[in-house]
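Below is one structure, written out as structure tokens, with a few remarks after it.
Numbering (the working numbering), first residue to last: 12 to 177.
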């Protein structure tokens, strides 16, 4: 193996590994994660912070986020950054204990919204609504409520996709 081949090998391996990792996300998620990561890096650039991810930088970033974000949003943002920073910079921010403590403190008193439709309501509808008038809605409800479809799959569900066997 020549010197030039030995020098080019690590780049090819690194590129192949990068492609393999980036293909792990569904396209929708990847766009969302990348956009939030870009927001973080833009924030770092605006504050004249280098690219090295440190706990204090992330604490300041989360402190700068608008206060009207719900706790669940902050944890979602943390998760997006955790995955993206791990993939791009090989830094595990899940070990940043002060950041996690900060997010937990911001979660104090947070009450998640309860679903307006309860299982009993769904069950009552399925039992009492006539099949003649509501069969299609019942099928969509069963498929959607049972978790067999993603949101975009459910919205694109058509009669041709449902096989009648009875």
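Just so you know, even glycine gets a beta-carbon here, dropped at the ideal spot from N, CA and C.
Here residue 32 is exposed. Its C-beta has fewer than 16 other C-beta atoms within 10 Å.
For the pair residue 154 and residue 168, the CB atoms are nearer than the 9 Å cut-off. Secondary structure of residue 21 (DSSP, three-state): helix. The segment 49-61 and the segment 105-121 do not touch, with fewer than 3 CB-CB distances between them shorter than 8 Å. Of the other Cβ atoms in all chains shown, fewer than 16 fall within 10 Å of the Cβ of residue 80; this residue is therefore exposed. Between residue 70 and residue 108, the C-beta gap is not smaller than 9 Å, which leaves the two residues out of contact. Between the segment 52-67 and the segment 91-109 there are three or more C-beta pairs closer than 8 Å, enough to call the two in contact. Note that the C-beta distance between residue 82 and residue 114 is below 9 Å.
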